[in-house]
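Under the working numbering, the first residue of the sequence shown carries the number 1, and numbering increases by one thereafter.
Note sheet for the following structure.
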Amino acid sequence: MLSKKGIALSQLVIWLIILVSFVMIAFTIERFISKAEPLEAEIICRDSLALKAKTKIEIGPVEGSTPSLCKTIDKKFSTTKRDEALDWFARSMERCWWIWLEGRHSEIFGPRGLLGSDEKTKCFVCNTLTYNQGPTLTKSELEQYLTSIKSRYKNADVSSYIQERGYFRLGEENFPSDQVYALIFASNIDEGLWKSSFQKLLGVDAPYTQNGLWLMSMNEFDKTKPCYYQPDVAGQ
Numbered sequence: 001m002l003s004k005k006g007i008a009l010s011q012l013v014i015w016l017i018i019l020v021s022f023v024m025i026a027f028t029i030e031r032f033i034s035k036a037e038p039l040e041a042e043i044i045c046r047d048s049l050a051l052k053a054k055t056k057i058e059i060g061p062v063e064g065s066t067p068s069l070c071k072t073i074d075k076k077f078s079t080t081k082r083d084e085a086l087d088w089f090a091r092s093m094e095r096c097w098w099i100w101l102e103g104r105h106s107e108i109f110g111p112r113g114l115l116g117s118d119e120k121t122k123c124f125v126c127n128t129l130t131y132n133q134g135p136t137l138t139k140s141e142l143e144q145y146l147t148s149i150k151s152r153y154k155n156a157d158v159s160s161y162i163q164e165r166g167y168f169r170l171g172e173e174n175f176p177s178d179q180v181y182a183l184i185f186a187s188n189i190d191e192g193l194w195k196s197s198f199q200k201l202l203g204v205d206a207p208y209t210q211n212g213l214w215l216m217s218m219n220e221f222d223k224t225k226p227c228y229y230q231p232d233v234a235g236q
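Listed below in structure tokens is the structure:
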């Protein structure tokens, strides 16, 4: 009869075999993801994140989990109608939040798997949103629009859907066309990523212990480099 220590060791070996096997399979899947259609890539990403959340193990100082199989998806849009432009941004935000498990898991970014780096990524670019032609939108009207439309995933408006477990942050006062924007899922934000902690001290800034969404210009994103950006290979 196996002792408790022997049983634990056996279970550990089984988990290691499962994780290593999945990582090896993931290398093959990554090639497929790079060529996958946007909808297929989104579903694969969400499913891999759900599996990653369930397979995370910690043994002393060692952490392991299956990799996330996500890539940044480029979207383009043009319109002459303000409501259509607002809806495009709002639905993109809602979709990103759904893909990243609605912010339920606080440590979704972790090791790349047992064979990967221990460097922890704090955010990921869901989409680059190329707004080719259309009316200039303001931050306030986009915020209002998010409260006015019903979520496709919950019986609530989109703003409430996101803020049930997280937050969203619109990084621009205006969103003109002929620009590219970054839609980012951010996890457990560090104070150093923001320019000032004054608002945080006053209690009026984004909650730093929650997951959230950022929408900001790609130029600003490239300049400040607030997080890891890997557009063509599965995110870790």
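Ideal placement from N, C-alpha and C gives every residue a C-beta, glycine not left out.
Note that this is a predicted model, so its numbers are computed, not measured.
Comparing C-alpha positions only, which one of K54, I184, Q210 sits nearest to P226?
Nearest C-alpha to P226: I184.
Does the distance from the C-beta atom of S271 to that of G134 stay below 9 Å?
Residue 271 lies beyond the stretch modelled for the chain, which goes from 1 to 236, so this question has no answer here.
Does the beta-carbon of I43 have 16 or more other beta-carbons within 10 angstroms, so that it is buried, or is it exposed?
Per the 10 Å Cβ criterion, exposed.
Should R95 go down as buried or exposed, given a rule of 16 or more other Cβ atoms within 10 Å for buried?
Buried, since its Cβ has 16 or more Cβ neighbours within 10 Å.
For W214 versus G166, is the C-beta spacing smaller than 9 Å?
No, these two residues do not count as a Cβ contact at 9 Å.
Under the rule that 16 or more other beta-carbon atoms within 10 Å means buried, what is Q144, buried or exposed?
Per the 10 Å Cβ criterion, exposed.
Report all residues from its chain with a CB closer than 6 Å to the CB of V180; omit the five preceding and five following residues, and keep chain order.
Excluding positions up to five away in sequence, the list reads T128, T130, M218.
Here's a check: name, in chain order, each residue in its chain whose Cβ is nearer than 6 Å to the Cβ of V158, leaving out the five neighbours to either side.
Around V158: A90, E94, L146, I149, S151.
First and last residue of the beta strand (DSSP E) that includes K75?
Start and end: 73-78.
Less than 8 Å between the CB atoms is what I'm expecting for N132 and D178, so what's the real figure, rounded?
Their Cβ separation, rounded to whole angstroms, is 7 Å, which keeps N132 and D178 in contact under 8 Å.
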